[in-house]
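Asks:
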Amino acid sequence: MNDPVDGIEPLTLPRDVPPDVCVWRVDVALDAPLREATLAVLAADELEHARRFHRHEDTARFASVRAALRMLLANETGADAARLALVRDGHGRPALAAPGAPDFNVSHSGAHGLIAISRRRRVGVDIEQCADGFDWRPLADSVLGAADLRAIEALPAASRAAAFFDCWTAKEALLKARGVGVAYGMNGFSVLPRTGSRFASLPAGDFRISALDVPPGYAACVAWSDEPLV
């Protein structure tokens, strides 16, 4: 019970994901009190950020996933989890302030978080909770490219919301891997149609995207660069 976070599980990834890319799922107990061990590994600014949330579940989600990230990066680097220096670049993308540090990316939604790490390439990850009865159409113009919309509208009506979330998470993961974030715009390129777990990503340049196996009611993707870190 002294570990900062329980419920960290490595995901089995699709075969086409490079072996140096690893993704872990963090299961968050949204109603449980936060452990002292969880808070103890967070930096002062992270603690302050966690305390700004009005809802306990938001605090629990942020603190648990950030503590899990620190644990995993500590395992990768051999450093003390509480002493790792995490910084942000000009686009707000977090990074580890150390020479030769692995690249990583984080996402959380609902009761789950995902953490992607690679020592060889850029990575991005996204997970979204898919609400029952979600109406995706008001977001179509801002999220979907022309090929995405055609692919979704060709599906049975009951399958379209799930396909929209697949598309959304694929684009989020891709933009996060590229380091530009969603402000870059989602509707200027398409990632559908999807073949197996792999999404089309030719407009994205030297990046690839694959769907992840996550609990029912969620959609998730990981993206990675073909080119190694420099």
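Going by the working numbering, the first residue of the sequence shown is number 396, and it counts up by one from there.
Glycine residues also receive a C-beta, built at the ideal position from the N, C-alpha and C atoms.
In the segment 517-576, which residue ranges form an unbroken alpha helix (DSSP H) of at least 4 residues, counting only runs that do not cross its ends?
Replies: Counting only runs of 4 or more, we get 532-538, 541-548, 552-573.
Asks: Name, in chain order, the residues that DSSP records as bridge partners for His451.
Replies: Per DSSP, none; premise fails for His451.
Asks: Hey, would you say the C-beta of Ala439 is under 8 Å away from at least one heavy atom of the ligand FMN?
Replies: Within the structure as shown, the ligand FMN is missing, as the structure has no ligands at all.
Asks: Asp426 and Ala455: beta carbons closer than 9 Å?
Replies: Yes; because the gap between Cβ atoms is below 9 Å, this pair is in contact.
Asks: State the DSSP-derived secondary structure class of Thr433, mapped to helix, strand or coil.
Replies: Of the three classes helix, strand and coil, the one that applies to Thr433 here is helix, per DSSP.
Asks: Taking 9 Å as the CB-CB cut-off, is Phe584 touching chain B?
Replies: Absence of chain B from the displayed structure is noted, only one protein chain being present.
Asks: I need the boundaries of the beta strand (DSSP E) containing Ala511, first residue and last residue.
Replies: Taken as a continuous stretch (DSSP letters only), the beta strand (DSSP E) holding Ala511 covers 507-513.
Asks: Between which two residues does the beta strand (DSSP E) harbouring Arg478 extend?
Replies: Here Arg478 belongs to no beta strand (DSSP E), and DSSP marks it neither H nor E.
Asks: Does the structure place the segment 606-618 close enough to the segment 553-571 that three or more beta carbon pairs sit under 8 Å?
Replies: At 8 Å Cβ cutoff, the stretches touch.
Asks: Output needed for Asp401: all residues of its chain with C-beta closer than 6 Å, excluding positions within five of it in sequence on either side, in chain order.
Replies: Once the five neighbours on either side are set aside, Asp401 has no close Cβ partner at all.
Asks: Round the Cβ separation of Val421 and Ile510 to the nearest angstrom and send it over; I've been treating them as touching at under 8 Å.
Replies: Right, their Cβ atoms sit about 7 Å apart.
Asks: Starting from the Cα of Asp440, find the closest Cα among Met466, Leu481, Pro428 and give me that residue.
Replies: Nearest C-alpha to Asp440: Leu481.
Asks: Decide yes or no for the touch test of the segment 529-548 against the segment 494-514: beta carbon pairs closer than 8 Å, at least 3 of them.
Replies: No, the segment 529-548 does not touch the segment 494-514.
Asks: Buried or exposed: Val575, going by 16 or more other Cβ atoms within 10 Å of its Cβ?
Replies: Val575 comes out exposed.
Asks: My guess is that Pro623 and Arg488 are in contact by the Cβ rule of under 8 Å, so how many angstroms apart are they, rounded?
Replies: Going by Cβ atoms, the distance from Pro623 to Arg488 rounds to 18 Å, so no, they are not a contact pair.
Asks: For Phe499, which three-state DSSP category applies?
Replies: Residue state, collapsed to three classes: strand.
Asks: Just grab the DSSP bridge partners of Leu491 for me.
Replies: DSSP, once it has assigned bridges, lists Leu481 as partnering Leu491.
Asks: Cutting at 6 Å between CB atoms, please list the residues of its own chain near Asp463, excluding the five before and the five after it.
Replies: According to the sequence displayed, residue 463 carries Ala and not Asp. If we look at Ala463 and ignore the five residues flanking it on each side, its Cβ neighbours are Val400, Ile403, Val421.
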